[in-house]
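Residue numbers (the UniProt record's numbering): 1 to 524. Beta carbons: idealized from backbone N, C-alpha and C, even for Gly. Here the structure is a predicted model, which means the values were calculated and not measured. Here the structure is laid out as structure tokens; the discussion comes afterwards.
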Amino acid sequence: MLNLASLLEDAARTYGDREAVVLGGSRLTYTEVNGAANQVANLLVERGIQPGDKVALSCPNLPYFPIVYYGILKAGATVVPLNVLLKGREVAYHLADSGAKAYFCFEGTAELPIGKAGHDGFAQVRSEGGACEHFFVITVDPTAASPIEGTETLGAGMGGQPPTFDTVATDEDDTAVILYTSGTTGQPKGAELRHRNMHSNALTGESLFGADADHPDTYLCVLPLFHSFGQTVIMNGGFAYGGTVVMLPRFEAEPALRTMAAEKVTFFAGVPTMYWGLLGALDDSGVDVKELAANLRVAAAGGSALPVEVHKDFQRRFGVTILEGYGLSETSPVASFSPYGEEVRVGSIGRPIPGVEMKLIDPADWSDVPDGPDAVGEIAIKGPNVMKGYHDRPDATAEAIRDDWFRSGDLARKDEDGWYYIVDRSKDMIIRGGFNVYPREVEEVLMTHPAVSLAAVIGVPHESHGEEVKAVVIKEKDHDDVTEADLVAWAKEEMAGYKYPRIVEFVDQLPMTATGKILKRELS
1 MLNLASLLED
11 AARTYGDREA
21 VVLGGSRLTY
31 TEVNGAANQV
41 ANLLVERGIQ
51 PGDKVALSCP
61 NLPYFPIVYY
71 GILKAGATVV
81 PLNVLLKGRE
91 VAYHLADSGA
101 KAYFCFEGTA
111 ELPIGKAGHD
121 GFAQVRSEGG
131 ACEHFFVITV
141 DPTAASPIEG
151 TETLGAGMGG
161 QPPTFDTVAT
171 DEDDTAVILY
181 TSGTTGQPKG
191 AELRHRNMHS
201 NALTGESLFG
211 ADADHPDTYL
221 CVLPLFHSFG
231 QTVIMNGGFA
241 YGGTVVMLPR
251 FEAEPALRTM
261 AAEKVTFFAG
271 VPTMYWGLLG
281 ALDDSGVDVK
291 ELAANLRVAA
301 AGGSALPVEV
311 HKDFQRRFGV
321 TILEGYGLSE
331 TSPVASFSPY
341 GEEVRVGSIG
351 RPIPGVEMKL
361 IDPADWSDVP
371 DGPDAVGEIA
381 IKGPNVMKGY
391 HDRPDATAEA
401 IRDDWFRSGD
411 LARKDEDGWY
421 YIVDRSKDMI
431 IRGGFNVYPR
441 EVEEVLMTHP
451 AVSLAAVIGV
461 PHESHGEEVK
471 AVVIKEKDHD
481 DVTEADLVAW
491 AKEEMAGYKY
501 PRIVEFVDQL
511 PMTATGKILK
521 RELS
């Protein structure tokens, strides 16, 4: 039997007085976080949530996230973390697709569908959210009344609940978390991650980063916790080794640098654009670079390829070598990393982590690609980190997993020492600022605009975001008055902030194959 919530419970039992979570002046110990999570678990059981039920969560990097996350797990339910930038129509889809019975949503940002400035979105969430019956608003003031009719606040729900709870004894193969991801076709699909998937991945901190519970790290949490990278490496991984997680609700370079200095941060993990931002803000931040460098022990990067110049510049300014890794939501997420203490090979995603196997296959037939310095193949992954499958999508699962090997969709090569190097992505996925954007999904929304006859969405190079989303559009007749700015503004209202195209180009025709497929490689 195994429950992922044991990471918090073990830390509370062993290091109860240690600071677990910090946000500004708010500092919570492991005992306090565990007690609050127990109250959430009691609340869910009181509302009729059963082991195996799905419970969704939309929350920025705030102490509420781990409290609700572990509370859901303690009740034996499955956590469905949602991107906080999703709009009402997108949240409703995820609730219905996952079959969530309850939904916790933070009120404090305008983007959220039941936030202070987003009440209109709640009607759609409620009407199209499938079996979801319980809606909890996480209010900034826990004593405040619910701002929306038909919901209750987390504070009111937790009120009177005991801070003790007998955690449900889940099986290690039960689904702990459903993380939504997507290919280039269809709607986002939920990767079902078992308790043992997430638990084993969190416990790689010792071998990957030299984590030591007797000398705990202080982690800066700027990676969004709804994403697998921040959830596993920072929150679960930090709690596994009794560390302190210092939260920032959103990444801004100068505040991040000042927080790193004030809290003596020893562990930073981020996507490449975050490192680019830190370097750009360093001189104007007013922080002592030598002091930062003296505290910082580990710098880890993932999400997309780290530019060589950023790697070198960070090493020069901070005196710390960035460790690059690789993974996907379907692999909990970490599959490979540059080993801590070994010389880093710039441009490499490292070697498979302990217990995990990786190989290169031919995408056409899954056959192994022969070793060789120039051999390129699709990365396949096998190990305790690989998901159970896609929720309610047996066909998609069968396409992705064969004989326990998961095919990643990413093309790579391998050197003679077993270090991997990403060559290209076999999918059309765009990575904008570390967030995955799937062109087909964006195209489908654009096609609902009356002026859009046909649309092709591609990624174009961008200095700070890595890639920017661009839409190449053929207009419907009699809509000549619609401008590029009009369509961008409309898309901004219809899609999450990281998805909508910032660049729109109107054309008379799109390049196509003889069978009518758009040749995106000819667009730019």
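Residue i (DSSP reduced to helix, strand or coil)
i           : result
N436        : strand
W490        : helix
L411        : strand
L57         : strand
R402        : strand
D368        : strand
P373        : coil
V473        : strand
E505        : strand
K74         : helix
I379        : strand
P394        : helix
H215        : coil
L193        : strand
T14         : helix
K359        : strand
M158        : helix
D141        : coil
E172        : coil
residue 525 : It is not possible to answer for residue 525, since the shown part of the chain is limited to 1 through 524.
CA-to-CA distance, residue j to residue i, given in whole angstroms
i    : j    : result
K499 : V469 : 7 Å
N34  : F435 : 30 Å
A41  : Y275 : 37 Å
T397 : N197 : 16 Å
P147 : Q50  : 27 Å
Y64  : V80  : 15 Å
V246 : N295 : 14 Å
L519 : G325 : 32 Å
G230 : V423 : 25 Å
V334 : H199 : 12 Å
D362 : E493 : 41 Å
T184 : E441 : Bear in mind that the predicted position of T184 carries a pLDDT of just 44, short of 50, making it unreliable; the figure below should be weighed with that in mind. Their Cα atoms are separated by approximately 8 Å.
Y340 : V473 : 47 Å
P439 : W490 : 17 Å
P5   : G71  : Contrary to the premise, residue 5 reads as Ala rather than Pro in this sequence. Going by the C-alpha atoms only, they are around 8 Å apart.
L8   : Q124 : 35 Å
D53  : A100 : 7 Å
D166 : S207 : 31 Å
R317 : E463 : 20 Å
E291 : K388 : 44 Å
L223 : L523 : 32 Å
V369 : D417 : 16 Å
D371 : V386 : 24 Å
Per-residue burial, residue i [other beta carbons within 10 Å of its own, 16 or more giving buried]
i    : result
K477 : exposed
T39  : Before going further, note that residue 39 is Gln rather than Thr in the sequence given. Burial call: buried.
Q509 : exposed
S453 : exposed
M447 : exposed
P352 : buried
L278 : buried
L85  : buried
W419 : buried
G118 : Residue confidence for G118 is low, a pLDDT of 49 falling below 50, so the modelled location carries little weight; the figure read from the coordinates is stated next. It is buried - the Cβ of G118 has at least 16 other Cβ atoms within 10 Å.
S98  : buried
T78  : buried
V437 : buried
T331 : buried
H449 : buried
Option nearest residue i by Cα separation, candidates the options
i    : options                   : result
A281 : K101, F251 and M495       : F251
I381 : D395, D403, V445 and I148 : D403
L225 : L257, L44, T259 and A269  : A269
A485 : G497, V504, V473 and A36  : V504
A305 : A412, E206 and C221       : A412
M521 : A456, L487 and E463       : Residue 521 is actually Arg in this sequence, not Met. If we check each option's Cα against that of R521, A456 comes out closest.
P272 : S228, E254, P307 and L257 : P307
N83  : T31, G159 and G190        : G190
M158 : P394, V222, F104 and G16  : F104
A471 : D480, V460 and H479       : V460
N61  : C221, E467 and E443       : C221
G121 : E467, A144, R89 and L360  : R89
Neighbour flag for residue i against chain B, beta carbons, 8 Å
i   : result
K74 : Although the question refers to chain B, the structure presented lacks it and comprises just one protein chain.
Problem set entry | Given 8 Å, three or more beta-carbon pairs between the segment 300-311 and the segment 321-329 | Three or more Cβ pairs drawn from the segment 300-311 and the segment 321-329 lie within less than 8 Å of each other, which places the two stretches in contact.
Exercise. Do the segment 44-59 and the segment 230-237 meet, that is, are 3 or more Cβ pairs less than 8 Å apart?
Worked result: Judged by Cβ distances under 8 Å, the segment 44-59 makes no contact with the segment 230-237, as fewer than three pairs qualify.
For this session: Evaluate contact between the segment 170-178 and the segment 186-195, counting only Cβ atoms and requiring at least three cross-stretch pairs below 8 Å.
Result: Output reads yes: the segment 186-195 touches the segment 170-178.
For this session: Evaluate the contact criterion for the segment 124-137 versus the segment 19-32: three or more CB pairs, one atom per stretch, below 8 Å.
Result: Under the three-pair Cβ rule at 8 Å, the segment 124-137 does not count as touching the segment 19-32.
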